[in-house]
Amino acid sequence: MNPPNETNVRWDSLPEELWDYILQRIEEDHFESISLTCKLFLSITDRLRTTLTISNNAVAVSVLRRCRNIKRINLHPRFRDDLVSLIHDISTSGLPIETLDLSKQMRFPSQGLLKVRETLGKTLKTLICQNIRSFSDEDLVVISESFPALEELDISTFRYVERHYHCRSFRVTHVTDAGIKALASNLARLRKINVSGFHAISEASLSALQSNCVDLSEVHMLNCRMIFKNGIASVAQRPSLVFTDARALKRLHICHSILSDNDLLSIAELSLPLREFRVPYCSGFSLTGLGPLLQAHPSLTHLDLKGCEFLTDESMVLLAQNLCKLTHIVLSDSRLTEFTFMCLVKCCPLLVELQMINTDLGTCKDLCFRFMKSSPIRSLNVTCNNNFNDETLIQISYVCPELRTVDLSHSRGVSERGLIQLGLNCPHIRSLDVSYCGKVTGLGLVGFRKLVTLRAMNSGIGDEGLAMAVQGCGGRLRAVNLEFTKVTEYGVIVMVTGYPRLKEIKVRGKKLNRVLECEGWRQRQKYSSFIRFGGDSSGLLKRTTK
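For the sequence shown, UniProt numbering begins at 1 and goes up steadily by one.
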């Protein structure tokens, strides 16, 4: 008896509720291409869209009318239309906007915000104004008066403060304690605030925030030099200045500041339940202050000592004894060697991420890691180490078999020999960066079976090495960067046809043009459904597999 014929169901005959259910599980980033398929999908995606990025006013008006569930609006960094007019359109749209991102604009739209208190001011909970070129205390007053229900505010800046502009109509101003006090007096519901990068605010701002914002739970003040003018001890000894209950503080991040040993000893005496301690590029302290602090916090999981010039292999032996719970550590821009690496492997059984950028890795020739206990490290960043070579890489691969992400860029001593052993000893690697490694000509015929992302810009890889990689890798590769390499159109074709899951290849623009013109590529068009070029000096070849 023949089986009954299967009925072919057309996609457009499916009920709208089913498509609604399906599209709800797709990221909003894909809505734009999906909405071009048909009017039904356009209607559904408009209804499901909650985030909108605006590049010009003309597009904004039409989209705001169609998409009635928008809750977050982001301004594109290159938005140069009338910002006041846009704010008016948003406020009169009737949408329940909860988050507004105005980052990287030339000026803060104070005039436009003064008129939206009764509309946008009632719903907005988060305002992001990062890197706005002209920002002052007067703008903070406008914010406090326009958005009384605001819960999160980010006005951090790292690019434009204290720069001089020759344009007469353009003037950079600063945020001071007076502006923070005015802000705090009107925003009783404020929970989080980021004022990083403003050097004129002091401890008085912390006091004002604590006194007026009873729900305040998070304050970011990176690169605020006046905060620590009299030493962090003055803040640490008065925890009420930082949080309502600062004795529950778990994360402490201070960068580019001068800290004394007494400052660190004061923090140690508070017995805070610290889990993260980050002091990148801080100076003024030594092992005398750092040692007791780490000893007082044996439960630290994240430690960042980037740029600590006093660190030596001998000092790390002492510090590592108190880091048994550590999972992430940054020791970049120091003179530490693989002796420190070996010490961390022994003393930190939970370590999963290690950064040792611009160090002296590779200078100890006599150390052997082969018979050491394996480390659970999954992410390793050892870029810009002039002495790093194949021998060092092989030694590390012996004790880190669980590696998933490896960054070896700018390691001129690494070659194909070291990478072959890395692939054999660490079979789970998914992301590999060998950019600017001139001696790297390939990945070998074995290993890297699970590689997903390969960055090899300005490396020594050519067609032959690429062909070997196609044979050796497991076919999971999705993104490859081959800019400024010796790879020709033949190598690109081999790569495209050899990896059915490949989504993105970056090569030089002229090279891509030759690929598209050759007969071999045209014969393989069945593998590709989308091709796009991007950039002036480089081309980006993308595709989605069928």
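Backbone N, C-alpha and C fix where the C-beta goes; we use that ideal spot for every residue, glycine too.
Count the other CB atoms within 10 Å of the CB of R168; is the residue buried (16 or more) or exposed (fewer)?
At R168 the pLDDT is 38, less than 50, meaning the model places this residue with poor confidence; the figure from the coordinates comes in the next sentence. Exposed is the call here.
Based on the DSSP secondary-structure assignment, which residues constitute the bridge partners of N389?
In DSSP, N389 forms a bridge with G413.
Alpha carbon to alpha carbon, what distance is there between E483 and N458?
Their Cα atoms are separated by approximately 6 angstroms.
If you count every other CB in all the chains shown that lies within 10 Å of the CB of P109, and 16 or more means buried, which is it?
Classification of P109: buried, given that the 10 Å Cβ count is 16 or more.
Taking only runs that begin and end inside the region 444 to 483, name each unbroken beta strand (DSSP E) of 3 or more residues, in chain order.
Counting only runs of 3 or more, we get 453 to 455, 479 to 481.
In or out: F277 buried (at least 16 other Cβ within 10 Å) or exposed?
So F277 counts as buried.
How many whole angstroms separate the CB atoms of R189 and E151, which I take to be in contact at a CB cut-off of 8 angstroms?
Correct: roughly 5 angstroms between the Cβ atoms.
So, using beta-carbon positions, are F198 and H220 closer together than 8 angstroms?
Cβ distance not < 8 angstroms, so F198 and H220 don't count as in contact.
Leaving out five residues on either side along the sequence, give the residues of the same chain with a beta carbon under 7 angstroms from the beta carbon of T53.
Within the same chain, T53 has close Cβ partners N74, H76.
Going by the CB atoms, is the gap between C347 and I377 shorter than 8 angstroms?
The answer is no: Cβ separation not under 8 angstroms.
Between which two residues does the alpha helix (DSSP H) containing N262 stretch?
261 to 269 is the extent of the alpha helix (DSSP H) around N262.
When burial is assigned at 16 or more other CB atoms within 10 Å of the CB, is I22 buried or exposed?
It counts as exposed.
So, under 8 angstroms CB-CB, F448 and G418 are touching, yes? Tell me the CB distance rounded to an integer number of Å.
Actually they are not in contact, since the Cβ atoms of F448 and G418 sit about 13 angstroms apart, beyond 8 angstroms.
Reducing DSSP to helix, strand and coil, say where S13 ends up.
Note: S13 maps to helix in three-state DSSP.
Report the partner residues of R72 according to the DSSP bridge assignment.
Answer by DSSP bridge pairing, in chain order: T51, T99.
For S93 and L64, what's the separation of their Cα atoms in angstroms?
Those two C-alpha atoms are separated by around 7 angstroms.
Assuming L319 contacts Q355 (C-beta within less than 8 angstroms), just tell me the rounded distance between them.
Not quite, the Cβ-Cβ distance comes to about 16 angstroms (not below 8 angstroms), so this is no contact.
Give me the Cβ distance between I357 and T383, rounded to the nearest whole Å; I'm assuming they're in contact under 8 angstroms.
Their Cβ separation, rounded to whole angstroms, is 5 angstroms, which keeps I357 and T383 in contact under 8 angstroms.
Could you check the C-alpha separation between E416 and I44 for me, to the nearest Å?
Taking the straight line joining both Cα atoms gives about 51 angstroms.
Is the region 95 to 109 in contact with the region 121 to 141, if contact means three or more CB pairs nearer than 8 angstroms?
Yes, since at least three Cβ pairs between the region 95 to 109 and the region 121 to 141 fall closer than 8 angstroms, the two stretches touch.
Mapping the DSSP letters down to three states, classify I531 as helix, strand or coil.
Bear in mind that a pLDDT of 34 at I531, under 50, signals an unreliable position, so the model cannot answer this.
Given that a residue counts as buried once 16 or more other Cβ atoms are within 10 Å of its Cβ, and exposed if not, what is N69?
With fewer than 16 other Cβ atoms within 10 Å, it is exposed.
State the Cα-Cα distance for the pair L78 and N56, rounded to the nearest angstrom.
Inspection of the sequence shows that residue 78 is occupied by Arg rather than by Leu. Distance between the alpha carbons of R78 and N56 is about 9 angstroms.
Put F310 into one of helix, strand or coil per three-state DSSP.
It is coil, neither helix nor strand.
Looking at the secondary structure, which residues open and close the beta strand (DSSP E) in which D137 lies?
Counting along the chain, D137 falls outside any beta strand (DSSP E), though it belongs to the alpha helix (DSSP H) covering 137 to 146.
Taking the alpha carbon of R404 as the point to measure from, which residue in R412, D463, D433 has its own alpha carbon closest?
When each option's Cα is compared against that of R404, the closest is D433.
Is Q355 helix, strand or coil by DSSP?
Of the three classes helix, strand and coil, the one that applies to Q355 here is strand, per DSSP.
What would DSSP say about K431, mapped onto helix, strand or coil?
Before going on, a small fix: residue 431 reads as Ser here, not Lys. Strand, per DSSP.
Measuring only the C-alpha atoms, how far is I201 from K115?
Rounded to whole angstroms, I201 to K115 spans 29 angstroms at the Cα level.
Mapping the DSSP letters down to three states, classify D177 as helix, strand or coil.
Note: D177 maps to helix in three-state DSSP.
Would you say S196 and S156 are within 8 angstroms of each other, going by their C-beta atoms?
Yes; because the gap between Cβ atoms is below 8 angstroms, this pair is in contact.
Mind checking K39: buried by the 16 CB within 10 Å criterion, or exposed?
Answer is exposed; the Cβ neighbour count stays below 16.
For a cutoff of 8 angstroms on Cβ pairs, would you count H410 as touching chain D?
The structure shown has no chain D; it contains just one protein chain.
Does T405 come out as helix, strand or coil in the three-state DSSP assignment?
Three-state result, T405: strand.
Which same chain residues end up closer than 6 angstroms to R524 when comparing Cβ atoms and leaving out the 5 residues on each side of it in sequence?
Confidence is the limiting factor: at R524 the pLDDT is only 45, short of 50, which leaves the residue's position unreliable, though a coordinate-based value still follows. Taken in chain order, the residues that qualify are T497.
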